[in-house]
Amino acid sequence: MMLSDVMEDYLKVIYHLQGERDGRIRTSEIAEYLDVTSPTVTSMIDKLEERGLVDREKYKGVELTPEGETVALEVVRHHRLLESYLTEQLDYDWSEVHEEADRLEHHISEKFERRLVEALGDPEVDPHGDPIPNEQLEPPEASQSRQLTEFSEGDTVVVERISDRDSEVLRYLSERGIDPGVTLRIDEVAPFGMITARPKDRDAEVSLPENVAADVHVHDAV
Numbered sequence: 424m425m426l427s428d429v430m431e432d433y434l435k436v437i438y439h440l441q442g443e444r445d446g447r448i449r450t451s452e453i454a455e456y457l458d459v460t461s462p463t464v465t466s467m468i469d470k471l472e473e474r475g476l477v478d479r480e481k482y483k484g485v486e487l488t489p490e491g492e493t494v495a496l497e498v499v500r501h502h503r504l505l506e507s508y509l510t511e512q513l514d515y516d517w518s519e520v521h522e523e524a525d526r527l528e529h530h531i532s533e534k535f536e537r538r539l540v541e542a543l544g545d546p547e548v549d550p551h552g553d554p555i556p557n558e559q560l561e562p563p564e565a566s567q568s569r570q571l572t573e574f575s576e577g578d579t580v581v582v583e584r585i586s587d588r589d590s591e592v593l594r595y596l597s598e599r600g601i602d603p604g605v606t607l608r609i610d611e612v613a614p615f616g617m618i619t620a621r622p623k624d625r626d627a628e629v630s631l632p633e634n635v636a637a638d639v640h641v642h643d644a645v
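Right under this line is the structure:
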């Protein structure tokens, strides 16, 4: 089945949104994620439904069919392998690989994918901490991590992954030492949502607005 880059992008977005919460995904959520109009989304959903890639229920939204999920997982696998290769082999900063991978993910062959896996040693996660779907395109196990905004003053946590949706947020966090694997101590949670944390082995505190902190997924430090 030949799909356009845009069709694959829509399937990937629905996959990501389904991973953030249970239930069907509304047209307005997809439109907001992609920064397009709702009629544009509706038109594309019509095409995806005709191909059996999404299941739509009136007034409730859409979800991926098993075939649609397989396509999405393959695109996600390509994307995250490319991010890993750009970071490890071409010296890209992990905060700048998302957009490059977005451009390349639709155009690599299965042979090239295998070469990436060999060169990287078959990694399980990408530079942002997101799990890479395996060769069988099985959905990764659900993470037990939570958003940084769910923790309290005095908690010590470890960064598991960081959402790669916004490259400016990634650069901001990277410049301040907030990377996957880093231990953070939460020094203050302000009433208006600002979270102040200190990365381990750094003297400087980092103040994060609530919307930025929500992109940082962490688990309790052991």
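Numbered according to the numbering used here, the sequence shown terminates at residue 645, and the numbering increases by one at each position without gaps. Virtual Cβ for every residue (Gly too), placed ideally from N, Cα, C.
Apart from sequence neighbours up to five positions away, the residues of its chain that approach Pro546 with a beta-carbon distance below 7 Å are Ser507, Ile555, ordered along the chain. Considering only Ile601, Glu522, Lys435, the residue with the shortest C-alpha distance to Ser630 is Ile601. Listed as beta-bridge partners of Val548 by DSSP are Pro554. In this structure, Ala637 sits near Gln570, with a CB-CB distance shorter than 9 Å. Taking a C-beta distance under 9 Å as the contact criterion, Pro563 and Val582 do not qualify as a contact pair. Around the beta carbon of Val592, 16 or more other beta carbons sit within 10 angstroms, so the residue counts as buried. In the DSSP assignment, Pro462 falls within the unbroken alpha helix (DSSP H) covering 461-473. In the three-state reduction of the DSSP assignment, Ile585 falls in the strand class, which pools E and B. Inside the segment 610-643, DSSP marks whole alpha helix (DSSP H) runs of 4 or more residues at positions 633-636, from first to last along the chain. Out of Glu480, Thr460, Leu539, Ile437, the CA that lies nearest to the CA of Val494 is found in Ile437.
Less than 9 Å separates the beta-carbon of Ile448 from that of Leu440.
Here Asp516 is exposed. Its C-beta has fewer than 16 other C-beta atoms within 10 Å. Residues Arg447 of the same chain have their beta carbon placed closer than 7 Å to that of Lys483, with the five preceding and five following residues left out of the count. For the 9 Å CB-CB criterion, Leu476 and Glu497 do not form a contact.
Boundaries of the beta strand (DSSP E) harbouring Glu480: 477-480, taken from the DSSP string. With fewer than 16 other Cβ atoms from the protein chains shown falling within 10 Å of its own Cβ, Thr465 counts as exposed. Collapsing the DSSP output to three states places Arg594 in a helix.
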